Amino acid sequence: MDRQIVYSGQVPQTTDLLNTNRQTMIALAKLCADLFGTSTVISGLGCVPTTPASMSVTINPGQIYQLANVDGTLYSALPQDTAHSILKQGILLDAQSFTLTAPATSGYSQNYLIQAAYLESDVNNVVLPYYNSANPSQAFNGPGGSGNAQPTTRAGQVSLQLVAGTAASTGTQTTPAVTAGYVGLAVITVANGQSTITNASIVPYPNVPTAPTGGFLAAIGERYSSIQNVATSSTLTTAALGALVNVTATGQTMTLPPAANCPNGTSICVTYMQASGSTAVTRNGADTLAFGQGSSANSLTLNPGEAVQFVSNGVNGWVSAGQTLTTGVTPPQFDSSGKLATTAFVKTAGLQFADYVGYTVNTTLSPSICGKTVTVIGNGIVLTLPSLSSVPLGATVTVHPAGASGTVVQRQGSDNILGAGGYIPAFPLSGTDAITLIASTACWLPISGSGQTQFSSLFGSSLGAVGYQKLPSGLIIQWGVTSFPASGTTQLINYTLPIAFPNTLLFAAVSSIENGNNNDAPVQWRSTGSSRSNIQIYCYSTIANATGASIIALGY
């Protein structure tokens, strides 16, 4: 910074003190610019209701930092300096109040804007004594004895303005635009019939450029300079540097400031904390975005609960220094490293088992086999399942003999396997079949694979001289035998089927069984006397010896 030099014995000059003041002001302005940047920044100047509440609001004391000419007019004996701009400080020492009026039309509301700007004024006018060369003992009152008062302070002030919007139907009223050179501080909404203004009626102006609360140095620690709530799509300015930009409405787009306007290493954090929806963050112009994950190189989408901190390179791009995106980098298909799997990776990977393990001898499987597919190499191999107590609920084991015959899967100890009619100790598995079993609290449950068809009620059967076979279509095949005693007359008997058809009897075929005497009699199915549970058979010849009959019936 510059410092004025004076010498002993020198005749004092007015400009000595004026230059000292100007040089100090410039130095402080440059320091503020290094701390805050050169964009307009406010500190304090919060809008609050009066106490008690009334139709007035109060702007609390505070400061505004804004670029302005070094001196727009003569500074006493110093010339104006409009060739240079510096970041000047305007101070509001005392709170200032504004009175608002509710709209007169029923159902109408009105938005009021309070805006601020830096204002420089020459104030504190005083009639100063001046040297009187004609009579040094008698000073002039004012220059040349004119008695005129002169300003004694060039004050940096905060200019506050209340701008009334146009009243309209509630919900359709709009906020006035901020006047050029000003920044918005607050928007106050007043409805028809309203008699007091409370905090509910006051909201900060969107993206208001706020200096760090508690001082700049305090903000260097683990804290943001401010929280800027933004409800509409906006192009952020350098006033957002160091701040947490909280997007409060879904479907909005936040455009970052040009990276060239933001010093290298400065940052902006954007967050979306709504319960649903999303918001987008996009680059400015041709700037680049490097964030490793997200939607594209030009923008990214923030879902509920996500945040990204962008750091400017000071030239042409932004880099993510930290992010909580739920989207991620998708590893290549079949990647088995320690990388996190995205939903896209899971989709491309498809259903995969942890491994494919083969055994050549009878083996008791260890708990580590869960999630893998087991095969056998050789016929007649017995596989013993892991103990239920050694594996978690829901663990699975898949067995596929791969063509081998005689494979048996059995329980371990007193564990159980659920079969068709209840618990079973073991079951066979054909060479081309496969089965997956899941561990439950009570037993191993067959849940998939062709090998479980032997336990399926859709394939229920009773295999013997008299029996039945169920098919998945619902068709049931039943068979059995009966006999006619020797008699000199025709006979009619009823044969009871092993199980009753649930719905209907479709067809029956009966035939006589040779009795060894070569005199067996013809038999036939009598449909009119048959039912879902009964087959009526007619023997229409007299026979000297007993004659057998075989029956096949179809139904569902």
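In the numbering used here, the protein residues as written are 4 to 559.
Beta carbons are placed, not taken as given, at the ideal position from N, Cα and C, and that holds for glycine.
Since the model is a prediction, treat every value here as computed from it, not as a measurement.
Where D125 is concerned, there is no enclosing alpha helix (DSSP H), although the beta strand (DSSP E) around it starts and stops at 111-129.
In the three-state DSSP reduction, C265 falls in the coil class, being neither helix nor strand. Annotation: I538 to G551 spans about 15 Å, alpha carbon to alpha carbon. In this structure, A347 and T333 form a Cβ contact; the two beta carbons are roughly 4 Å apart against a cut-off of 8 Å.
Where D84 is concerned, there is no enclosing alpha helix (DSSP H), although the beta strand (DSSP E) around it starts and stops at 84-95.
Burial is judged here by how many other beta carbons sit within 10 angstroms of a residue's own beta carbon; I8 has fewer than 16 and is exposed. When secondary structure is reduced to three states using DSSP, Q494 falls in the strand class.
For L440, the enclosing beta strand (DSSP E) begins and ends at 438-442.
Excluding the 5 residues flanking it on each side, I555 has same chain C-beta neighbours closer than 6 Å at W482, A512, in chain order. Shown here, S57 sits in coil according to DSSP, grouped into three states, outside any helix or strand. Where T23 is concerned, the enclosing alpha helix (DSSP H) starts and stops at 17-39. Here V161 has I67, G93, L95, A119 as same chain residues with Cβ atoms under 6 Å from its own Cβ, once five neighbours each way along the sequence are excluded. Taking T156 as reference, the option from V129, T169, S136, N135 with the minimal CA-CA separation is V129.
The C-alpha of Y227 lies about 48 Å from the C-alpha of A152. The Cβ-Cβ distance between Y359 and T376 falls below 8 Å.
Pairing T240 with P260 gives a Cβ-Cβ distance under 8 Å. Sixteen is the threshold: when 16 or more other Cβ atoms of the shown chains lie within 10 Å of the Cβ of S46, as they do, the residue is buried. According to DSSP, I230 shares a beta bridge with L247. In this structure, G409 places its C-beta atom within 8 Å of the C-beta atom of G383. Leaving aside the five residues that flank G463 on each side, the residues in its chain whose CB is nearer than 6 Å to its CB run, in chain order, K473. CA-CA distance, Y10 to N22, rounds to 15 Å. When DSSP states are grouped into helix, strand and coil, G454 belongs to the helix group.
Annotated as proximal: S281 and L305, with beta-carbon spacing under 8 Å. Looking at N144, L303, G254, G268, the one whose alpha-carbon comes closest to that of S279 is G254. Going by beta carbons, S136 and L103 fall outside the 8 Å limit.
Straight-line spacing of the CA atoms in V284 and S369 works out to 52 Å.
With 16 or more other Cβ atoms from the protein chains shown falling within 10 Å of its own Cβ, P212 counts as buried.
Going by beta carbons, C265 and S204 fall outside the 8 Å limit. For C272, the uninterrupted beta strand (DSSP E) segment begins and ends at 270-275. Spanning the alpha carbons of F294 and L165 requires a straight line of approximately 42 Å. Under the three-pair Cβ rule at 8 Å, the region 190-201 counts as touching the region 48-65.
Distance between Q326 and I230, taken at the CA atoms: about 17 Å. Comparing alpha-carbon positions, the option among L90, P64, G245, N63 lying closest to V73 turns out to be L90. In the DSSP assignment, the residues bridged to M257 are S237, V284.
Within the same chain, Cβ atoms closer than 8 Å to the Cβ of T507 are found at R535, G558, Y559, the five residues on either side in sequence being excluded. For the set K350, S486, L509, I438, the Cα lying nearest the Cα of Y498 is the one of S486.
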